[in-house]
Structures are given as structure tokens and as C-alpha cells.
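Chains as they are written, first to last, in the UniProt record's numbering: chain A, 1 to 343; chain B, 1 to 264.
C-beta atoms are modelled at their ideal positions from N, C-alpha and C, and glycine is treated no differently.
First the structure, in the form of C-alpha cells, and then the observations on it.
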């Protein structure tokens, strides 16, 4: 399968849109900063106000980069899961990764009172949330991979992933039942998702995980295309099904797991963006879909984040709500207009 | 080694197929013996549930044999990796592709996967094979249509084209004529006949069109309740092998016309 000239042009247009959205995202917020000032900050000339430079470099830039990594990464892992399970309802979290992360965070927040005092507050620093969330996803990932090695049927893996999700959600419910209002609020704020407050180290770690996940996905693109014909056909064309399944699940886990660890369980993007892209590109070729989904996911997340920070106001809405509020009507509108779900 | 033996491409010796569970093996068909030569068109017939698909799945390496051996080019089938097998044997299955959002050209191009590089770039040779597959199945005009736009008959031609693009000496088809009208049934079988004689590919297909298969195939593999027979269609008729295929009170085989007749 080849990438034609038209696709290259569309990628270029998407890329330009992404850069525009990136600059607008940096410019708008509780304090509005003109775009020429931003360009001047990037080119090393400094801004007319030192606080602007500080806002851009230490707050908005890491946030915008995190938004792009999270949007692109979640969208790609959604695409991987939809193709692996040949199911348009699959998303990055079908295998229970976000539930695992929630469990890790829930145990940390709701269990922190057990340690009490100074140690308790130390436990609740930003990094400990990241570590707890990553550990939670990682444990679920290990369980899912162990199942993958034993079970041939991908549909069975899907159901088992859902079951893992149910179990961890249930444990979180039990934990919440026994915790106080303040802890619950803290947990719920985490579950809203947040792109802000990222340190540059955090962005760096997230970028490394992102690159690893994307590379694995690109390496799987030929296998993913083969899987479009179904498992039996793919196998008859020489595809090693178990190894392919393993690599695809690993890539998804690295992407979705690391993103959830840093920004919380952001729903919707992973499920919806692959469908959006299929509506426009009308192909199932992953050599086209992967870059398109990556760019569209980043773009959508940047736009959502721009809206979420409610320009010219002090408030920031939860990103998790905005992605669904903006995205869901778009998907519904597309499906109603075209009356056809391409898969 | 005489010339006949040299030309054997697919051989089953005392093969038994079925499903094995922890407690016991459930044998579906046993003592299957046949040897198929290069360039032969072979039909596989038998009643529903007799194990045609199970046998084909075993021959294509999708499931393991319970007993006996399959030889592909004189080498045990188990010794082939799935990657090696993909250059010897291609399949046309009863299942539709999981994604029908592929264009015909994309679907046929996927048949080149065993030969393309890590990202699936098509070389000149790949394009030649794809064009040959398009022409041979008369699907060139459909190339840019989507799979969901095709009729069952067109879809079956595309599925065969994909197998052709895989360019393997053996093609195995599971009920390629099901769901097709009588014209397309004849078309598909004639296409298989033409491919076998013109490209020297060995083609094995299962079918319920016993009368069409008798007219067209070089050999037939008949799966009856208690035994499996492999021979020329004419010899099979002489030996009365079709008589025991179905319950006689409902349908009867007429050896003179080579057709089944409904009993009143």
C-alpha cells in the first residue's frame, strides 16, 4: 500500500493547522500574550515583559507540548486497539489501563491518611501521583500480557481486559466508601485530567515514552494492515499473530499508560479520533491513518485545552469534560451526515 | 523416483483431523490419504459437517493434525514457519475481510505482504503480480472501488485475486461458490480451472457443487461418513463413491448424468 500525493498535501495542511493551534494555545489564557511576543521569546530575544517569558516557558509551553503528546498518543493507541480487536468501540483503555492507573492513584490518595502528617503530604506530591498511576497501569498491563501469552483468541483478551477494568473499578469504589470527603475530592480532581503543572522533566519522560510507543506502532503498521483482513488471512500471509498482538498491546500500554500517569484518564480522544480520521481519509491503510490520527489527536487536544483554559478568565475547566463536549457532537454530526461508519 | 512422484506437491498420509481438548481428541475425519500433483484442480466434496473445513484448516496450517503427516513439496508441513508457508500456500476463506473500508487494489496488494519490506512498500515485481491478479480475475475495472460496494460475486473474485497476488504454487479455497448465483458459481470454477491449467498452480477447493466439480476437476476428494476417497471423478462415479454421500431416501446420485436427483 502506497501513500499518494494527495495524502502528503493533507498531512501538510494538518501540520500547518497544528502549528497555528499551538501558537494560539500559547497566546490565549488568563493573560493574553501576543503571538509576535511568543515568536520573539522562542527566538531568544526575550519578551517585553519578563512575566510573559516566565508564563510561556514554565507553564504554557510544557502544557501545550503535553497536550500534543497526550492527544496524539491516545489517538494512536485507540487506532491500534480498534484494528487489533477489529472493533470500532475499542479505545486505548479497553484493556483496563486507565482503571489500573485509577486504582494506583486511589490507593495512594485514599490510603495516604493511613501514614498521616508530614509523610502523608510528601506522598501526595505530583511525582507520587505519576508513579502510583504508572504502577497501576503497569500491573494491569502485566496481567493482560500474561493472558495474551496464554490465550489465542483476541476477543477473549478484549473481554478479559474489560473484566480487569471492572475489578479495579470495584476496588476503587470500595476504597472511596471508606475515605473522607477531602480525599474523595482530591481523587475526583485527578480523574478530571489535567494537562497543566507539568515539569520539564515530566515532559521529557512523557516524550521518551511517546517516541517508544509511536516507533512500535510504525513498526507494526504492516501487520496492522494485514490484520484488516482478519486473523486467519493475516496468518496465511505469514504474520506471527501472537508476537504482533504482543507488540501492539505493548505499544498501547506504553502510550496510554504514560499519558494517564501524567495527565490523568482522558477519555474520548482515543476512541473518537480514529473515527474522525477514517471519515475524512476514507482508507484503512495504517501508513496513512497513523500519521493522520497522530496529527488530528494532537490538534484536537490543543483546541480542547485552549477552550478549557477559558480565555480571558481565571477559570480552567477539566480537560476530560471538554474533550467529550467538543468531540462527541463532531462525531455524531459526521456520522449523521455521512450515514456510514467506515471501519 | 518416477515423474509422478516428483510432481507431488501436497500429500496426506494417514491423516486424521479434528479438535483436541485436554481430556480427549474429537476426531472428525481419519485415514485421509491423497497426493495432489502440480497444476491439478482438486475439488473437496462431502456433506455439511463432515469435516471439509477442518481438513482445509489443517492443510493450511491453521490447526494441527491429530495424527498422520502432511507433506508440502516433500517436506513435513510442521517444519514450515508461518512465514515460509505464506510463500507456498495462499488461502481464500469463507470469512469476509474484517475491514471492508479497503479498496479492491489495497486488498489485493495485501497479498504481497510475504514479499514486501518492513513497512510494506510495493516493488515493481509486486506491482506486476498485482496487475496479473487483477487481469486474471477481471477485476481491473473494480480496482478503486471499496470492498463494501461490491456484490458477493465481485468480492469472491477479489478474494481470489488477493490469493493470486500472493503468488504461491498452491491455492486452497474454502467453499468459494457459496452465496453466489449460478453464473458466478460457474464463473469462479471456470476461473480456477483456467488458473490451474495456465499457471500450473495447484488449486484445492471445497464445494457443494458436486455436479459442476465432477465436470471440471482433475481429481476429487470425497469425504463420506466412514471413509475418504481420492481419485478421478469418473473412477469415483464407477466405484459408486457418491452414492453413500447423502441419505438415500431424500436424494440419489445418478451415475449416468453425474447429478443428484431428489427422490419423490
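From the options, residue whose alpha carbon lies closest to that of residue i
i	options	result
residue 48 of chain B	B:255, B:264 and B:246	B:246
residue 200 of chain B	B:116, B:169 and B:63	B:169
residue 142 of chain B	B:186, B:130 and B:103	B:103
residue 94 of chain A	A:140, A:283 and A:320	A:140
residue 195 of chain A	A:181, A:298, A:14 and A:50	A:298
residue 37 of chain B	B:146, B:52 and B:6	B:6
residue 174 of chain B	B:218, B:192 and B:206	B:206
residue 31 of chain A	A:44, A:338, A:199 and A:309	A:309
residue 133 of chain B	B:187, B:105 and B:197	B:105
residue 324 of chain A	A:311, A:6, A:300 and A:334	A:300
residue 34 of chain B	B:137, B:86, B:15 and B:89	B:15
residue 84 of chain B	A:159, A:89, A:205 and A:239	A:239
residue 311 of chain A	A:291, A:33 and A:144	A:33
residue 88 of chain B	B:115, B:156 and B:97	B:115
Residues that residue i contacts on chain B, provided the C-beta gap is smaller than 7 Å
i	result
residue 163 of chain A	Per Cβ cutoff of 7 Å: no residues; residue 163 of chain A is ~23 Å from chain B at best.
residue 284 of chain A	99, 101 and 102
residue 226 of chain A	110 and 113
residue 230 of chain A	95, 97 and 98
residue 53 of chain A	Those within 7 Å of residue 53 of chain A in chain B number zero; the least Cβ separation is about 42 Å.
residue 8 of chain A	Going along chain B, no residue has its Cβ under 7 Å from residue 8 of chain A, so there is no contact; the nearest lies around 15 Å.
Per DSSP, the bridge partner or partners of residue i
i	result
residue 78 of chain B	In DSSP, residue 78 of chain B forms no bridge with anything.
residue 262 of chain B	B:251
residue 229 of chain B	B:222
residue 16 of chain B	B:67
residue 78 of chain A	None; residue 78 of chain A has no bridge partner.
residue 146 of chain B	B:103
residue 44 of chain B	B:206 and B:221
residue 159 of chain B	DSSP, once it has assigned bridges, lists no residue as partnering residue 159 of chain B.
residue 29 of chain B	B:17
residue 171 of chain B	B:90 and B:203
residue 35 of chain B	B:11
residue 72 of chain B	B:10 and B:75
Cross-chain neighbours of residue i in chain A, by beta carbon under 8 Å
i	result
residue 79 of chain B	In chain order: nothing, as chain A lies at least about 15 Å away.
residue 155 of chain B	None at all; the shortest Cβ gap to chain A is about 12 Å.
residue 91 of chain B	232, 233 and 236
Burial state of residue i (16 or more Cβ within 10 Å)
i	result
residue 29 of chain A	buried
residue 237 of chain A	buried
residue 42 of chain A	exposed
residue 375 of chain A	Residue 375 of chain A lies beyond the stretch modelled for chain A, which goes from 1 to 343, so this question has no answer here.
residue 167 of chain B	buried
residue 112 of chain B	buried
residue 1 of chain A	The pLDDT assigned to residue 1 of chain A is 48, lower than 50, so where the model puts this residue is not dependable, and the model offers no usable value.
residue 51 of chain B	buried
residue 147 of chain B	buried
residue 181 of chain B	exposed
residue 226 of chain B	exposed
residue 24 of chain B	exposed
residue 107 of chain B	buried
residue 78 of chain A	buried
residue 67 of chain B	exposed
residue 58 of chain B	buried
Sequence-distant residues of the same chain with beta carbon closer than 7 Å to residue i, five excluded per side
i	result
residue 24 of chain A	306
residue 236 of chain B	220, 222, 229 and 242
residue 145 of chain B	103 and 104
residue 20 of chain B	66
Closer than 9 Å at the beta carbon, the chain B residues around residue i
i	result
residue 219 of chain A	118 and 119
residue 238 of chain A	81, 82, 83, 84, 85, 86, 87, 113 and 114
residue 278 of chain A	101
residue 95 of chain A	Within chain B, no residue comes near residue 95 of chain A; the closest Cβ sits about 19 Å away, beyond 9 Å.
residue 222 of chain A	113, 116, 117, 118, 119 and 120
Beta-carbon proximity list for residue i, same chain, < 8 Å, skipping 5 on both sides
i	result
residue 76 of chain B	69 and 70
residue 242 of chain A	148, 149 and 152
residue 21 of chain A	299, 302, 303 and 306
residue 171 of chain A	103 and 106
Chain-ordered neighbours of residue i on chain A, where CB pairs are closer than 7 Å
i	result
residue 44 of chain B	Near residue 44 of chain B there are no residues of chain A at all, since even the closest Cβ is about 17 Å away, more than 7 Å.
residue 60 of chain B	236
Residues near residue i in its chain [Cβ-Cβ closer than 6 Å; skip 5 each side]
i	result
residue 318 of chain A	192
residue 98 of chain A	260 and 265
residue 334 of chain A	279
residue 175 of chain A	106 and 110
residue 57 of chain A	none
residue 104 of chain A	132, 133, 135 and 136
residue 256 of chain A	77, 92 and 97
9 Å Cβ cut-off: residues of chain A touching residue i
i	result
residue 106 of chain B	1, 225, 228, 283, 284 and 285
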